[in-house]
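These protein sequence lines map, in sequence, to chains A and B.
For the first sequence, position 186 matches number 195 in this note's numbering, and the numbering has no gaps at all.
For the second sequence, position 220 matches number 227 in this note's numbering, and the numbering has no gaps at all.
For every residue, glycine included, the Cβ atom is placed at its ideal position computed from N, Cα and C.
Source: prediction; values computed, not measured.
Since the structure comes first, as structure tokens, the remarks are kept for the end.
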Amino acid sequence: MWDNIAILTAAPVFNIQLLLDGLFIGATFALAAYGLALVWGVMNVKNLAQGDFVMMGGYIAWWLGTQGIHPLWGLPASIVIMFAFGWAIYVLMIRRVIDKDMFTSLLATFGLAIVLAQALNLMFGPEVQTAESDFPIRSYFDNSVTIADIKVVAFGLCGLLALAVVLFMKNSRMGQAIRATAQDARAARVMGIDTDRVYAFTYALNAAICGAAGALISMIWVIQPFYGISHSIRSFVIVTAAGFGNLPGVIMAGLGLGVMEQYGGFVLGAEYQQATVVALLLGVLVWRQIEMRRHRQVVQ
Amino acid sequence: MEKFNPKLHLPILVFGLAAPFVVPGLTIQVAVLWVMVLFALTWDVMGGQMGYNSLGNIFFFGAGMYICAIVQVAFITDVGAYTASNGGVKIPFTHQEYFMGLICGIIAAAVGSALIAAALGWTVFGLRGPYFAIGTLGIALAAGELMGTWEWVGGGGGISMPVYPGSADGKAYLFYFLCFAAAVATYLFCSWLYSTRFGLAINAIRDDEQKAEAMGVHTLRYKTIAWAVSAFFLGISGALFGNITGFIEPLEVAFPTVTFGIFMVAMSLLGGKGTLWGPVLGAFLFHFLKEFTWTYFLGWQWVALGVLIIVNVVFFQQGIMGWLMEKFPEKFGIVVEKKEAAE
Numbered sequence: 010m011w012d013n014i015a016i017l018t019a020a021p022v023f024n025i026q027l028l029l030d031g032l033f034i035g036a037t038f039a040l041a042a043y044g045l046a047l048v049w050g051v052m053n054v055k056n057l058a059q060g061d062f063v064m065m066g067g068y069i070a071w072w073l074g075t076q077g078i079h080p081l082w083g084l085p086a087s088i089v090i091m092f093a094f095g096w097a098i099y100v101l102m103i104r105r106v107i108d109k110d111m112f113t114s115l116l117a118t119f120g121l122a123i124v125l126a127q128a129l130n131l132m133f134g135p136e137v138q139t140a141e142s143d144f145p146i147r148s149y150f151d152n153s154v155t156i157a158d159i160k161v162v163a164f165g166l167c168g169l170l171a172l173a174v175v176l177f178m179k180n181s182r183m184g185q186a187i188r189a190t191a192q193d194a195r196a197a198r199v200m201g202i203d204t205d206r207v208y209a210f211t212y213a214l215n216a217a218i219c220g221a222a223g224a225l226i227s228m229i230w231v232i233q234p235f236y237g238i239s240h241s242i243r244s245f246v247i248v249t250a251a252g253f254g255n256l257p258g259v260i261m262a263g264l265g266l267g268v269m270e271q272y273g274g275f276v277l278g279a280e281y282q283q284a285t286v287v288a289l290l291l292g293v294l295v296w297r298q299i300e301m302r303r304h305r306q307v308v309q
Numbered sequence: 008m009e010k011f012n013p014k015l016h017l018p019i020l021v022f023g024l025a026a027p028f029v030v031p032g033l034t035i036q037v038a039v040l041w042v043m044v045l046f047a048l049t050w051d052v053m054g055g056q057m058g059y060n061s062l063g064n065i066f067f068f069g070a071g072m073y074i075c076a077i078v079q080v081a082f083i084t085d086v087g088a089y090t091a092s093n094g095g096v097k098i099p100f101t102h103q104e105y106f107m108g109l110i111c112g113i114i115a116a117a118v119g120s121a122l123i124a125a126a127l128g129w130t131v132f133g134l135r136g137p138y139f140a141i142g143t144l145g146i147a148l149a150a151g152e153l154m155g156t157w158e159w160v161g162g163g164g165g166i167s168m169p170v171y172p173g174s175a176d177g178k179a180y181l182f183y184f185l186c187f188a189a190a191v192a193t194y195l196f197c198s199w200l201y202s203t204r205f206g207l208a209i210n211a212i213r214d215d216e217q218k219a220e221a222m223g224v225h226t227l228r229y230k231t232i233a234w235a236v237s238a239f240f241l242g243i244s245g246a247l248f249g250n251i252t253g254f255i256e257p258l259e260v261a262f263p264t265v266t267f268g269i270f271m272v273a274m275s276l277l278g279g280k281g282t283l284w285g286p287v288l289g290a291f292l293f294h295f296l297k298e299f300t301w302t303y304f305l306g307w308q309w310v311a312l313g314v315l316i317i318v319n320v321v322f323f324q325q326g327i328m329g330w331l332m333e334k335f336p337e338k339f340g341i342v343v344e345k346k347e348a349a350e
């Protein structure tokens, strides 16, 4: 561990590599987390199948890649497919979960996560996959920093998608309806908004966002049927740290998580990368608790 | 505490005592059934009676398993050297050494798990609702990952447990009856616990934690004790299960979060959470279904499990016992006001 820290201080260029890798991957985390913040904030559904939606999106892009279609075309494909899938899941189960207590949505979506992970495993096998995008890999700083062009492209696409979602939420009729429902579902219903449709759209939009994130992850990183749960936990870490309805917070937390994970994996060893995510989750939860305790004291 | 009811308890007792002799081939399967009953009962202390739905109770199962293994090995030899040999060192235990190690191991596992629960309780019980569920899930996942990197206890390669110094049949009988006794003890303890002031207090926490606190219930203390009770029995079950399989390894055997960890939730929900008999019934039903169908599904059993959870949670939330209570309230001593019912 100390040896690795020594490397970082001796060769600061490594920091740039880790930092950039962290930012590129963190952007996709932020995208998926924004979807979770959306369903959590609007519908009060804690979607533990979040990561498995991401993996589904990834497998759609990867599968198209094996069929000879460039995986970048998998991005719109997985957005469309996942949107329809999310809508179907809403109609089949989420609709019945919304007005139940908090644990119901968590456990129901956990059941969904098991189903999806296993279905992906049975369809595509348990191997770790990467969609080949055939972009060149460039080196900078005298060959000490290597960056695949696809990562830069994916980063840009992440930004564009986030911008599109924000503009949609701000300006479109449906976006306004979603925000109104989030503020007060009952009042929105009185005003003539079909909240059931709004919920369905929100959940489908979340699935589409996850699908997009997954398609990008399949190109710049790896996908595997059972990695869904760690992506779900990442989304929870980010949303818990940032709070919902706080888009800049979600972006910062997402990028920060990506960077911290890269550093954790490098300093402690790759086998600790998974543990770093979970440790961060516990850290964030404990920190929130301390915050809440302080808040309680102020109220008293 | 529940009175001895010959119609209800006697068949189960007879089944438990006679099963290994009637169906010797299935001794281990039935032993696992008792472990499942214990799982469901301990999960329900938290999830059903107290309203704190933990997804990470399996952590204590693994903790107990590892504590017991370490104590058993440390009784005879150096743990680091033993695990480093990857099961290459086979130590011939005498009967006395083995049983002393086993007894101490089980006690250490139970007490150690309960102490870990008490220590963790101070940090996790500020979390409510979904945060608690996710936080505990995180603990169980992290434990599996971290144990996999700890070389002293064998890392990802695991530990082979000390070999039983007798016949294989003898081992099966011994651990069968230990599992049965552990399940019965858990049942009796829960039954007693729910009849005391403690049971009322944790029910009050489930119904409204703020109000309970305002009424003077020291909620954090009750929550921590309830978790420690769960952990105590889970530690015992882990110690026994580790010895039954004979080989422990962090991800699949000791901290199987997505198998046993979810089974315990599914069983309690299926039987009806918040009741004493619900988890037991759910465990029986689930285990029999699983044992009968597991081999014929060819990988789709996990999909079936997920679907079972979804259907159970979304459409049949009260579980079997809850449904029976709604249907035949008079059988459970619940008096329905005739007037109200008529309206």
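The alpha helix (DSSP H) that contains residue 155 of chain A, what's its start and end? Unbroken run through residue 155 of chain A is the beta strand (DSSP E), 154-157; no alpha helix (DSSP H).
Against chain A, with Cβ distances strictly below 9 Å, would residue 269 of chain B count as a contact? yes
Taking Cβ to Cβ, would you say residue 113 of chain B is nearer than 9 Å to residue 246 of chain B? yes
Quick one: is residue 169 of chain B buried, meaning 16 or more other Cβ sit within 10 Å of its Cβ, or exposed? buried
Kindly indicate the opening and closing residues of the alpha helix (DSSP H) around residue 149 of chain A. Segment 146-149 is the beta strand (DSSP E) holding residue 149 of chain A; no alpha helix (DSSP H) there.
Contact list for residue 113 of chain A against chain B, beta-carbon separation under 8 Å: 320, 321 and 324
At a Cβ threshold of 9 Å, is residue 306 of chain B touching chain A? yes
Measure from the alpha carbon of residue 90 of chain B to the alpha carbon of each residue in B/234, B/334 and B/255, then state which is nearest. B/255
Would you verify that the beta carbon of residue 39 of chain B is, or is not, closer than 9 Å to some beta carbon of chain A? no
Please determine if the region 24-33 of chain A and the region 264-272 of chain A are in contact, where contact requires at least 3 C-beta pairs separated by less than 8 Å. yes
Quick check on residue 158 of chain B: buried or exposed, where buried means 16 or more other Cβ atoms within 10 Å of its Cβ? exposed
Quick one: is residue 12 of chain A buried, meaning 16 or more other Cβ sit within 10 Å of its Cβ, or exposed? exposed
What are the partner residues of residue 255 of chain B, as DSSP defines its beta bridges? B/166
From residue 194 of chain B to residue 289 of chain B, what does the alpha carbon distance come to, in whole angstroms? 14 Å
Just list the residues that DSSP pairs residue 16 of chain A with in beta bridges. Paired residues: none, contrary to the question.
Buried or exposed (CB count within 10 angstroms, at least 16 for buried), residue 62 of chain B: buried
Could you tell me the distance, in whole angstroms, from the CA atom of residue 193 of chain A to the CA atom of residue 37 of chain B? 52 Å
Note down, one range per segment and in chain order, each beta strand (DSSP E) of at least 3 residues found wholly within the region 248-331 of chain B. none
Residue 48 of chain A, buried or exposed, once every other Cβ within 10 Å from all chains shown has been counted against 16: buried
Is residue 127 of chain A close to chain B? Criterion is C-beta to C-beta, closer than 9 Å. yes
Under three-state DSSP, which class holds residue 138 of chain A? strand
Expressed to the nearest angstrom, what Euclidean distance is found between the alpha-carbon atoms of residue 88 of chain A and residue 186 of chain A? 21 Å
Does DSSP put residue 232 of chain A in a helix, a strand or coil? strand
With DSSP run on the structure shown, which of helix, strand or coil describes residue 201 of chain A? coil
Need the endpoints of the alpha helix (DSSP H) that residue 135 of chain B sits in, please. Looking at the DSSP string, residue 135 of chain B is not in any alpha helix (DSSP H), and its letter there is neither H nor E.
I'd like to check one pair, residue 186 of chain B with residue 41 of chain B: are the Cβ atoms closer than 9 Å? yes
As assigned by DSSP and simplified to three states, the class of residue 240 of chain A: helix
Residue 86 of chain B versus residue 286 of chain B: straight-line alpha-carbon distance, rounded: 37 Å
Which runs of the alpha helix (DSSP H) at least 4 residues long sit entirely within the region 80-124 of chain A? Give them in chain order. 80-98
So which of B/248, B/132 and B/88 has the shortest CA-CA distance to residue 216 of chain B? B/132
Within-9 Å CB hit, residue 309 of chain B to chain A: yes
Distance cutoff 9 Å, beta carbons only. Does residue 243 of chain A sit that close to anything in chain B? no
Where does residue 276 of chain A fall in DSSP's three states? helix
Residue 33 of chain A, DSSP secondary structure in three states: helix
Which two residues bound the contiguous alpha helix (DSSP H) that contains residue 81 of chain B? 65-81
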